[in-house]
Amino acid sequence: MRFAPVTAFALVLALLAAPSFAADVGFEEVRIANGAEPPLIVGIWYPTDTPASADPAKTIAGNGLSLIVMSHGGGGSYDSHYDTAIALAHAGFVAAAVSHAGDTFDDQTHVLEIWRRPVQLHRVIDYMLAQWRGREHLDPARIGAFGFSNGGFTVLVAAGGVPNLSAIAPYCRAHPDHDLCQALQHAGVDPDVGANVPADAWAADARIKAAVIAAPAFGFTFGPVGLKDVRIPIQLWRAADDHHQPNPFYDEAVRASLPQAPEYHVIANAGHYDFLPPCSARLMRKTPAICTSAPGFDRSAFHERFNADIVRFFDAKLR
């Protein structure tokens, strides 16, 4: 549920270490309105024909481009899945990833108020279609979403899912040793968080036409009734050795409850954090818990396949 992300500094190092993308992927960071709260910080990756040595405000290449909005896991940031964003931009998509206010590596003040996230994703789409400098290059009819962990929950809601957070308390009574319940206990938070949810929290965004969801948090809170209106194509990913979100209460619970079977991938020997990009040596030293994979699991090789399958899925469903 909570992790230290690939930081913005790590993102810069990664981009510098990947010159093959420099000539055809542009990047910019923007701040967008977030109601009465401070602005949301959003990273945008896009295809470009401008050489890397030219002006940083690169020209956006192509028209009628598909937009993919991205939602990170708890305690992450917009660059938590930078490698996937780069792969999407390299393939001709525009990827816009938000740092969810109150649920980032440097601001955990609202980490358990997960209902705040879908409206933030909605605001990213509003901005990209109405205010972004490259909005004329986008096709508003071809929008997809990617989410990991808390971000997977966020995307499910945006796609029409309605969770029942009142299910958390009985879940934790039955599974007090599970990570979610341990985290709530250590934080001194009452697991009956459903009582605090605003009445209008679970608003779908009909502009989203396809979604990729990896290791969705709180999967057990949906059920068939909660997911009955999720009718868009879904690509769902599960790490077979995910001890943070143990099977069958998360990914499998979502898979079994969707009204239409998703494209389902179960990755043998993978853990929860293997959906994050491979770590630099510096990040490995700083946060080994999110960087260490099981013996024999090649995170770099997996991400080549992971990103290629995501590109293939969105290419098929949005074009």
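What the sequence shown shows, in mature numbering (1 follows the signal peptide of the UniProt record, and there is no 0), is residues -22 to -1, 1 to 297, in sequence order.
Where is the CB? At the ideal position from N, CA and C, for every residue including glycine.
Between the segment 149 to 157 and the segment 213 to 229, the count of Cβ pairs shorter than 8 Å is three or higher; the stretches touch. One Cα belongs to Ala69, the other to Asp287, and the distance between them is close to 12 Å. A check of alpha carbon separations from Glu114 across Gly40, Pro266, Gln213 and Gln238 identifies Gly40 as the nearest.
Residue Val72 holds the alpha-carbon nearest to the alpha-carbon of Pro25 among Asp104, Val72 and Leu296. Shown here, Asp85 sits in a strand according to DSSP, grouped into three states. In the structure shown, the three-state DSSP call for Asn128 is helix.
The continuous stretches of beta strand (DSSP E) do not include Arg94, and DSSP gives it neither H nor E. Around the C-beta of Gln163, fewer than 16 other C-beta atoms lie within 10 Å, and the residue is accordingly described as exposed. In the three-state DSSP reduction, Asn285 falls in the helix class (H, G or I). Under DSSP, Val8 takes part in a beta bridge, and its partners are Val20. For Asp61, the closest alpha carbon among the candidates Trp93, Ala79, Gly13 and Phe5 is that of Phe5. His243 is not a Cβ neighbour of Asp220, given a cutoff of 7 Å. In the three-state reduction of the DSSP assignment, Ser55 falls in the coil class, being assigned neither a helical nor a strand state. Here Pro17 is exposed. Its C-beta has fewer than 16 other C-beta atoms within 10 Å.
The Cβ neighbour count for Met262, taken over all protein chains shown within 10 Å, is under 16; the residue is labelled exposed.
Residue environment: Val135 is assigned as buried (16 or more neighbouring CB atoms within 10 Å of its CB, all protein chains considered).
Counting C-beta pairs closer than 8 Å gives three or more between the segment 126 to 134 and the segment 188 to 197, which meets the contact rule. According to the DSSP assignment, Ser77 belongs to the beta strand (DSSP E) that extends over Val72 to Ser77. According to the DSSP assignment, Lys264 belongs to the alpha helix (DSSP H) that extends over Ala259 to Lys264.
Ser49 and His78 do touch by the CB rule: their CB atoms are close to 7 Å apart, below 8 Å. By the CB criterion at 7 Å, Gly51 and Phe83 fall outside the cutoff. Pairing Ala218 with Phe253, the inter-Cα distance amounts to about 12 Å. With contacts defined by Cβ atoms closer than 7 Å, Ala189 and Ala234 do not form a contacting pair. Contact check for Gly139 and Val208: beta-carbon distance about 5 Å, within the 8 Å limit, so the pair qualifies.
Membership of Tyr251 in any beta strand (DSSP E) is not indicated, and neither H nor E is assigned to it by DSSP. Bridge partners of Ile46 according to DSSP: Ala73 and Gly122. The beta carbons of Leu143 and Val175 sit closer together than 7 Å.
In chain order, Gly80 and His88 place their CB closer than 7 Å to the CB of Arg94, counting only its own chain and leaving out the 5 sequence neighbours on each side.
Within a 10 Å sphere around the beta-carbon of Gln238 sit fewer than 16 other beta-carbons, which makes this residue exposed. Nearest to Ser55 by C-alpha distance, out of Gly21, Ser44 and Pro266, is Gly21. Around the CB of Ala63, 16 or more other CB atoms lie within 10 Å, so the residue is classed as buried. For the segment 157 to 219, the full-length alpha helix (DSSP H) segments reaching 4 residues or more read 157 to 165 and 201 to 204 along the chain. The beta carbon of Gly129 sits closer than 6 Å to those of Ser49, His50 and Gly51, all from its chain and outside the five residues before and after it, given in chain order.
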